[in-house]
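What follows is a set of notes on a single structure, which appears directly below.
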Amino acid sequence: MGELKSVTLDASESSGFATTKLDALLGWARKWSLFKYPFVTACCGMEFMALTSPRFDGSARFGAEAPRFSPRQSDLLWVVGTIAQRQAPVLKRIYEQMMEPKWVLAFGTCASCGGFYDNYTTVPGIDKIIPCDVYVPGCPPRPEAVIDGLMLLQDKIARGDKRPGIVKPREDPAAGVVRLRRNKEDRR
Ligand code: SF4
893 MGELKSVTLD ASESSGFATT KLDALLGWAR KWSLFKYPFV TACCGMEFMA LTSPRFDGSA
953 RFGAEAPRFS PRQSDLLWVV GTIAQRQAPV LKRIYEQMME PKWVLAFGTC ASCGGFYDNY
1013 TTVPGIDKII PCDVYVPGCP PRPEAVIDGL MLLQDKIARG DKRPGIVKPR EDPAAGVVRL
1073 RRNKEDRR
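Quick look at the structure:
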């Protein structure tokens, strides 16, 4: 008869494995079920509407279609447009009312850094008031850029990455200007 050996499981290792798998599952579920709270204040709102239209379908296919107009039912705050100093306390309060985990997307240059409004009435970027996870520059940003931002956020959620991310332009804007000038010269 062979010798019986007792095998003991390392509790810390097994729970670590289960926790890692559970975190991955939660990350996957969260990134595909975002409930947005649109805080729309200015002209970027027009591009926000274009984003959600059937042409771009920029939220439904990413699991972020349903808007919630109660912060307690939302986990993704979209800050769309310029934020005036008088709106800052309202934005902060909405953010604080949202449940954890929660994320913030700055839609456009004004929300990201204040844009060209260099004056005492405008907040120079929402990160002066609340934490921001993804910045989408552009005045206004194209829907494709916002989709890039949403995908970047999904990736961060899945990996549990808390560092802020910035959407880079798909092409160098300066190169676009040069090409436009060349096209005009060719037509002469
Ligand atoms: S980034 Fe441009 S389009 Fe968007 S709110 Fe500011 S001025 Fe308007």
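If you count the sequence shown from 1, you need to add 892 to reach the working numbering.
Note that beta-carbon positions come from the ideal geometry of N, C-alpha and C, so glycine has one too.
Simplified DSSP assignment, three categories, for residue i
| i | result |
| --- | --- |
| I1022 | coil |
| G1041 | helix |
| L896 | Bear in mind that the predicted position of L896 carries a pLDDT of just 48, short of 50, making it unreliable; the figure below should be weighed with that in mind. Correct three-state label for L896: coil. |
| V1059 | coil |
| A958 | coil |
| Y1027 | strand |
| L901 | With a pLDDT of 44 at L901, under the threshold of 50, the modelled position of this residue cannot be trusted; read the value that follows with caution. Note: L901 maps to coil in three-state DSSP. |
| K1054 | coil |
| R964 | helix |
Boundaries of the alpha helix (DSSP H) in which residue i is found, first to last residue
| i | result |
| --- | --- |
| V1015 | From DSSP, V1015 is part of no alpha helix (DSSP H); its letter is neither H nor E. |
| R978 | From DSSP, R978 is part of no alpha helix (DSSP H); its letter is neither H nor E. |
Chain-order list of residues whose beta-carbon lies under 8 Å from that of residue i (same chain, five-residue window excluded)
| i | result |
| --- | --- |
| I986 | Y929, F931, P963, L969 |
| A910 | none |
| Y847 | Outside the displayed span of the chain (893 to 1080) sits residue 847, for which this structure offers no information. |
| F927 | A956, A958, P959, R960, Q965, S966, D967, L968 |
Cβ neighbours of residue i in the same chain (closer than 6 Å, five flanking residues each side left out)
| i | result |
| --- | --- |
| G1006 | T1014, P1016, G1017 |
| R953 | none |
| S898 | Low local confidence applies: a pLDDT of 48 at S898 is under 50, so the model's placement there is unreliable, with the coordinate-based value given in what follows. No residues qualify anywhere along the chain. |
| R947 | none |
Same chain, Cβ closer than 7 Å to residue i, five either side skipped, listed in chain order
| i | result |
| --- | --- |
| A1050 | G919, W920, K923 |
Start and end residues, beta strand (DSSP E) containing residue i
| i | result |
| --- | --- |
| V971 | 968 to 972 |
| A998 | 995 to 999 |
C-alpha distance - residue i paired with residue j, whole-angstrom precision
| i | j | result |
| --- | --- | --- |
| V996 | S925 | 15 Å |
| D949 | L943 | 6 Å |
| M938 | Q989 | 26 Å |
| P1061 | P1029 | 8 Å |
| K1054 | G1041 | 15 Å |
| C1031 | C936 | 7 Å |
| Q965 | D1010 | 34 Å |
| P993 | T974 | 25 Å |
| D967 | P1023 | 13 Å |
| E1036 | K913 | 32 Å |
| K1020 | V1059 | 19 Å |
| G892 | G1052 | This structure does not reach residue 892, given that the chain is present from 893 up to 1080, and the question cannot be answered. |
What beta strand (DSSP E) runs, 3 residues minimum, are completely inside the segment 905 to 955?
928 to 932
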